[in-house]
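Heads up: the sequence lines are chains A and P, in that order.
Read in order, the letters of the first sequence correspond to residues -19 to 390 in the numbering used here.
Read in order, the letters of the second sequence correspond to residues 379 to 715 in the numbering used here.
All residues carry an ideal CB built from backbone N, CA and C; glycine is no exception.
In this text, all values refer to a predicted model and were calculated from it rather than measured experimentally.
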Amino acid sequence: MSTARLSFPRPPARPDQAPDFSAIVVPQAGALPVPPPDLDAGASRPFATGMIRVLDDDGRAVGPWAEYLGDLSAEPLLRGLRDMLRMRAVDRRMLNAQRQGKTSFYLQCTGEEAIGCGFQRELSPGDMNFPTYRQQSLLIAADYPLEALMGQLYSNDLDPLQGRQLPIMHSARDHGFFSISGNLGTQYVQAVGWAMGCALRGTGEIAAGWIGDGATASNDFHSALLSASVYLPPVVLNVVNNQWAISTYTGVAAGQSETYAARALGYGIPALRVDGNDYLAVIAVSRWAIERARNGHGPVLIEWFTYRVAAHSTSDDPTAYRPRDEAKAWPLGDPVDRLKTHLILRGDWSEDRHRQAEAEILDEVTTVQKAVEAHGTFVDPQPISPAEIFRGVYAEPPPHLRRQRQEMGF
Amino acid sequence: MARMTMIEALRSAMDVKLASDPSVIIFGEDVGYFGGVFRCTAGLQARHGEERVFDTPINESAIVGLAVGMAAQGMRPCVEIQFADYVFPAYDQITQEAARLRHRSNGQFTCPLVIRMPTGGGIFGGQTHSQSPEALFTHVAGLKVVIPATPHDAKGLLIAAIEDPDPVIFLEPKRIYNGPFYGDHSGKSVPWASHDGGEVPEGHFVVPLGQARVHREGAGVTVLAYGTMVHVAEAAAAAAGVDAEIIDLRTLLPLDLETITASVQKTGRCVVVHEATRTSGFGAELIAEIQEACFWHLRAPLLRVTGWDAPYPHAQEWDYFPSPARIARALLEVGKD
Chain A
-19 MSTARLSFPR
-9 PPARPDQAPD
1 FSAIVVPQAG
11 ALPVPPPDLD
21 AGASRPFATG
31 MIRVLDDDGR
41 AVGPWAEYLG
51 DLSAEPLLRG
61 LRDMLRMRAV
71 DRRMLNAQRQ
81 GKTSFYLQCT
91 GEEAIGCGFQ
101 RELSPGDMNF
111 PTYRQQSLLI
121 AADYPLEALM
131 GQLYSNDLDP
141 LQGRQLPIMH
151 SARDHGFFSI
161 SGNLGTQYVQ
171 AVGWAMGCAL
181 RGTGEIAAGW
191 IGDGATASND
201 FHSALLSASV
211 YLPPVVLNVV
221 NNQWAISTYT
231 GVAAGQSETY
241 AARALGYGIP
251 ALRVDGNDYL
261 AVIAVSRWAI
271 ERARNGHGPV
281 LIEWFTYRVA
291 AHSTSDDPTA
301 YRPRDEAKAW
311 PLGDPVDRLK
321 THLILRGDWS
331 EDRHRQAEAE
341 ILDEVTTVQK
351 AVEAHGTFVD
361 PQPISPAEIF
371 RGVYAEPPPH
381 LRRQRQEMGF
Chain P
379 MARMTMIEAL
389 RSAMDVKLAS
399 DPSVIIFGED
409 VGYFGGVFRC
419 TAGLQARHGE
429 ERVFDTPINE
439 SAIVGLAVGM
449 AAQGMRPCVE
459 IQFADYVFPA
469 YDQITQEAAR
479 LRHRSNGQFT
489 CPLVIRMPTG
499 GGIFGGQTHS
509 QSPEALFTHV
519 AGLKVVIPAT
529 PHDAKGLLIA
539 AIEDPDPVIF
549 LEPKRIYNGP
559 FYGDHSGKSV
569 PWASHDGGEV
579 PEGHFVVPLG
589 QARVHREGAG
599 VTVLAYGTMV
609 HVAEAAAAAA
619 GVDAEIIDLR
629 TLLPLDLETI
639 TASVQKTGRC
649 VVVHEATRTS
659 GFGAELIAEI
669 QEACFWHLRA
679 PLLRVTGWDA
689 PYPHAQEWDY
699 FPSPARIARA
709 LLEVGKD
């Protein structure tokens, strides 16, 4: 008689159950030191299995990573707070627009704003992100014009991509944001290739790969880690662990792995695991990793530990597979609330100013949205020329595309 | 001019580009120090350095994925997949990324990339060293697909492919790496040194993509072929005594429909020959295009001589590989009034 039994990982709670995050260990803020920039994989084990946190439960910035940030003035933190509020306002308005049929599709990043907003502010011009569809926060923090961002979502004549791409599949080379593909994982190894190009040319620029917890199961996650391990290019490999891949609990992607960060150690790549809802931890670790890569110490992997508060997309209903109020029970809280609390504690912010900022930002976003909608929406389209279908398939249209365009009447 | 094998011609093309363009970079499995399992990159690492020519892990998706990232930045990677049969782990990167990058980013990012891969049968390569997967690439908008039949064209087309602003799938018929093959497998091999196609300029020259070549002028029947089959068809026509006009397509995508239709409208008959399996193969596309463009000129049904719709066998190599005898039968059949 065989005693072999298969394992089928399941989440701690389903819709009819109370949220349960008791299995998640949340280490004390400030517990981990700042490693040297030439940290190797073996020595990074405590960082890959622990969690770097700066803000404690009261909102104080504590420990070596707070000291690493130095005499941090209020200005960059207030800018980070505004970035996140702006991101949240855009998500809110665009979710609304989708519900009104003004755009066909949208994806929020609620709860994950700190990661992209913080990381982007530590990059330099010329550095290139290889994002997924849930890193619009990189664009917000890169001060990408909302007109272009929303134009893409509405596929109107402000769309830099001329209506060819599904909403949220942005591309903004001048803002360090590589063209998003619907095919998961592919961009992770491309980021390594781009970084190899940076090194070969001696540009001093770096690349940043982005992937979600579910997509770490894709072939190209392995391809990227192995390639980065072989050639040691200046790349920061980010894993955003938001606990869910559509309806699939993160344990299905993780299997018996210790953490996603720990996977890098097997490739000889050092890795850090970070509280993704702690804006100060995000900017501190981003700064460390980006400087490390730029100074020629090779690749590094960062697992950002966070929670996907919103539905996967506007086509998804998370109440079908997880408790309705699971986000409220998430032990790492909300990134906006935590930074707000910290700034108030420092005396650099107040509840009043926060409410005022929220209203101002929502007003600004709504004003841009209305102006963009004047250029057409799904409800009220001002169509882009169908000839755009054929432009850019190749640098020059070959004869068969010229014939097809003529057949269409253009 | 020099006499070169196809291997030497391909190596010369890469050497010329490595020397003239610092953005050109060569990588793949065993292409670096060792110089490639077919010797196509022999000596290139020693001459141009490890940063320009290097070995990769055995991971086709990484080879192409890294190349897409580099090409997007403005480099010109010319990468190798050891056998076309092993390209499939990279299919996602080729078809969903490289092919679409320019279009989906509205030109913000482009993909000037060449993917070289030895293709085709006739070498007792069995199931995974003989396939001809060209149709799996000609079906993908945004790719160019090239396959040379002579050393001269191999060099000129490869330089053109490396200089092309779009991704190019560059298929190299390994059966004719060392000499033309006429379908006679009795043992007597022919070197490129005794063939006009082995005359290759030493420096820089291009054979433009998208242009077919009339391999042999004729009035009786048009034969459309590419790669090894150009030479097999030539032998078959001679054996059958048919005045065939043999067109070496050279580029499958974009297709030189002008040269094809001019020939078929002249002869009124056409046989398509390829090694790849028949159903939904590239021959189907050729026949459909000719039917649309030449219907009123046709004097006989369009015929195909192809590999059978079965995985490429080992022991039955010459029963599978389209033989001169099969092609000759088709030429005589299509020539009947």
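Who are the neighbours of E173 of chain A on chain P, taking C-beta pairs under 7 angstroms?
Position 193 of the first sequence, counted from the start, is the residue given in the question as residue 173 of chain A. Rather than Glu, the amino acid found at residue 173 of chain A in this sequence is Gly. Listed along the chain, the chain P residues whose CB falls inside 7 angstroms of the CB of G173 of chain A are G443, L444, A445, V446, G447, M448.
Closest residue to I638 of chain P among P:R381, P:E612, P:I668 (Cα-Cα distance):
On the second sequence, residue 638 of chain P is found 260 positions in, with the first residue counted as 1. Residue nearest to I638 of chain P within the set P:R381, P:E612, P:I668 is P:I668 (criterion: CA-CA distance).
Determine which residues of the segment 646 to 679 of chain P have a Cβ less than 8 angstroms from any Cβ of chain A, and write them out in chain order.
So the list is empty, because no residue satisfies the distance condition.
Where P428 of chain A and R302 of chain A are concerned, what is the direct C-alpha to C-alpha distance, given to the nearest angstrom?
Residue 428 of chain A is absent from the structure shown; chain A starts at -19 and stops at 390.
Pull up the distance between the alpha-carbon of G256 of chain A and that of Y374 of chain A, whole angstroms please.
For the purposes of this step, residue 256 of chain A is taken as the residue at position 276 of the first sequence. For the purposes of this step, residue 374 of chain A is taken as the residue at position 394 of the first sequence. Spanning the two alpha carbons is a distance of roughly 40 angstroms.
Hey, how far is the Cα of K716 of chain P from the Cα of I705 of chain P?
This structure gives no information on residue 716 of chain P, because the portion of chain P shown stretches from 379 to 715.
CB of V584 of chain P within 8 angstroms of CB of I525 of chain P, strictly:
Translated into positions along the second sequence, residue 584 of chain P becomes position 206. Translated into positions along the second sequence, residue 525 of chain P becomes position 147. Pairing V584 of chain P with I525 of chain P gives a Cβ-Cβ distance that is not under 8 angstroms.
Mind checking the segment 199 to 213 of chain A against chain P and listing, in chain order, the residues whose C-beta falls within less than 7 angstroms of any C-beta there?
Correct list: N199, D200, S203, L206, S207, V210.
May I ask whether a heavy atom of the ligand NAD can be found less than 7 angstroms away from the beta carbon of V492 of chain P?
The ligand NAD is absent from the structure shown, which contains no ligand whatsoever.
Could you tell me the distance, in whole angstroms, from the CA atom of Y555 of chain P to the CA atom of A440 of chain P?
Start at 1 with the first residue of the second sequence, and residue 555 of chain P comes out as number 177. Start at 1 with the first residue of the second sequence, and residue 440 of chain P comes out as number 62. So the alpha carbons of these two residues sit roughly 27 angstroms apart.
R(-6) of chain A: buried (16+ other C-beta within 10 angstroms of its C-beta) or exposed?
Residue mapping note: residue -6 of chain A aligns to position 14 of the first sequence, counting from 1. By the 16-neighbour rule on beta-carbons within 10 angstroms, R(-6) of chain A is exposed.
Can you give me the start and stop residues for the beta strand (DSSP E) that K522 of chain P sits inside?
Residue mapping note: residue 522 of chain P aligns to position 144 of the second sequence, counting from 1. For K522 of chain P, the enclosing beta strand (DSSP E) stretches over residues 522 to 524.
4 or more residues per run - each alpha helix (DSSP H) lying fully within the segment 160 to 222 of chain A:
Runs of the alpha helix (DSSP H) inside the segment 160 to 222 of chain A: 166 to 181, 199 to 211.
Same chain only: Cβ atoms within 7 angstroms of L631 of chain P, ignoring 5 sequence neighbours per side:
Indexing the second sequence from 1 puts residue 631 of chain P at position 253. Exclusion of the five residues before and after L631 of chain P leaves T516, L521, K522, V523 as the residues of its chain whose Cβ lies within less than 7 angstroms of its Cβ.
Kindly indicate the opening and closing residues of the beta strand (DSSP E) around D255 of chain A.
Translated into positions along the first sequence, residue 255 of chain A becomes position 275. DSSP places D255 of chain A inside the beta strand (DSSP E), whose first and last residues are 251 to 255.
Report, in whole angstroms, the separation of the C-beta atoms of T434 of chain P and G406 of chain P, which I expect to be a contact under 8 angstroms.
Start at 1 with the first residue of the second sequence, and residue 434 of chain P comes out as number 56. Start at 1 with the first residue of the second sequence, and residue 406 of chain P comes out as number 28. About 6 angstroms; that satisfies the 8 angstroms criterion.
G578 of chain P and A387 of chain P: beta carbons closer than 8 angstroms?
Here the question's residue 578 of chain P lines up with position 200 in the second sequence. Here the question's residue 387 of chain P lines up with position 9 in the second sequence. The amino acid occupying residue 578 of chain P in the given sequence is Val; Gly does not appear at that position. With contacts defined as CB atoms closer than 8 angstroms, V578 of chain P and A387 of chain P qualify as a contacting pair.
T376 of chain P lies in the beta strand (DSSP E); which residues open and close that run?
This structure leaves residue 376 of chain P out entirely; chain P is present only between 379 and 715.
Express the C-alpha separation of P26 of chain A and P363 of chain A in angstroms, rounding to a whole number.
If you number the first sequence from 1, residue 363 of chain A lands on position 383. If you number the first sequence from 1, residue 26 of chain A lands on position 46. Rounded to whole angstroms, the gap between the alpha carbons of P363 of chain A and P26 of chain A is 55 angstroms.
For A678 of chain P, which residues from the same chain have a beta carbon less than 6 angstroms from its beta carbon, with the 5 sequence-adjacent residues on both sides left out?
Residue numbering aside, residue 678 of chain P sits at position 300 when the second sequence is read from its first letter. Around A678 of chain P: R647, V712.
With DSSP collapsed to three states, give me the class of F673 of chain P.
On the second sequence, position 295 is the one that residue 673 of chain P refers to. Helix, per DSSP.
Quick one: what does DSSP say Y397 of chain A is sitting in, helix, strand or coil?
Nothing can be reported for residue 397 of chain A: it is not among the residues displayed for chain A, which extend from -19 to 390.
Backbone CA spacing between D360 of chain A and K82 of chain A [nearest angstrom]:
Here residue 360 of chain A is taken as the residue at index 380 of the first sequence, counted from 1. Here residue 82 of chain A is taken as the residue at index 102 of the first sequence, counted from 1. Here the alpha carbon of D360 of chain A sits roughly 8 angstroms from the alpha carbon of K82 of chain A.
Give me the residue from A:L342, A:A9, A:L312, A:Q236 with the minimum Cα distance to L(-14) of chain A.
Taking the first residue of the first sequence as 1, we reach residue -14 of chain A at position 6. Closest by alpha carbon: A:Q236.
With a threshold of 8 angstroms between beta-carbons, can F502 of chain P be considered close to chain A, or not?
The residue given as residue 502 of chain P occupies position 124 in the second sequence. Not an interface residue.
Going by DSSP in three states, C97 of chain A sits in which element: helix, strand or coil?
As a working note, residue 97 of chain A is residue 117 in the first sequence. It is helical.
Please list, in chain order, the chain A residues whose beta carbon lies closer than 7 angstroms to that of D544 of chain P.
Looking up residue 544 of chain P in the second sequence gives position 166. Residues of chain A passing the Cβ test: Y374, A375.
Whether Y240 of chain A touches P(-9) of chain A by CB criterion (8 angstroms):
Here residue 240 of chain A refers to the residue found at position 260 of the first sequence. Here residue -9 of chain A refers to the residue found at position 11 of the first sequence. The beta carbons of Y240 of chain A and P(-9) of chain A sit no closer together than 8 angstroms.
Given 8 angstroms as the limit, is there contact between the segment 425 to 434 of chain P and the segment 553 to 573 of chain P, that is, 3 or more CB pairs closer than that?
Counting Cβ pairs under 8 angstroms, fewer than three are found: no touch.
CB contact below 8 angstroms: F515 of chain P versus chain A:
The count along the second sequence starts at 1 and reaches residue 515 of chain P at position 137. Interface residue (Cβ-Cβ distance to chain A less than 8 angstroms): F515 of chain P is not classified as such.
Nearest chain P C-beta to V352 of chain A closer than 8 angstroms, yes or no?
For this step, residue 352 of chain A is matched to residue 372 along the first sequence. It does not; no Cβ of chain P falls within 8 angstroms.
Leaving out five residues before and five after Q384 of chain A in sequence, what residues of the same chain have Cβ atoms less than 8 angstroms from its Cβ?
Stepping through the first sequence from its first residue, residue 384 of chain A is reached at position 404. Exclusion of the five residues before and after Q384 of chain A leaves F370 as the residues of its chain whose Cβ lies within less than 8 angstroms of its Cβ.
Give the straight-line distance between the Cα atoms of G177 of chain A and P400 of chain P, rounded to the nearest whole angstrom.
Residue numbering aside, residue 177 of chain A sits at position 197 when the first sequence is read from its first letter. Residue numbering aside, residue 400 of chain P sits at position 22 when the second sequence is read from its first letter. The alpha-carbon atoms of G177 of chain A and P400 of chain P are separated by roughly 12 angstroms.
Does the beta carbon of L141 of chain A come closer than 8 angstroms to any beta carbon on chain P?
Working through the first sequence from its first residue, we reach residue 141 of chain A at position 161. With a threshold of 8 angstroms between beta carbons, L141 of chain A makes contact with chain P.
Straight-line gap, N222 of chain A to M495 of chain P (C-alpha atoms, nearest Å)
The residue you call residue 222 of chain A lines up with position 242 of the first sequence. The residue you call residue 495 of chain P lines up with position 117 of the second sequence. Between N222 of chain A and M495 of chain P, the C-alpha separation is close to 40 angstroms.
By the DSSP assignment, the beta strand (DSSP E) with M108 of chain A in it spans what residues?
On the first sequence, position 128 is the one that residue 108 of chain A refers to. Where M108 of chain A is concerned, the enclosing beta strand (DSSP E) stretches over 108 to 110.
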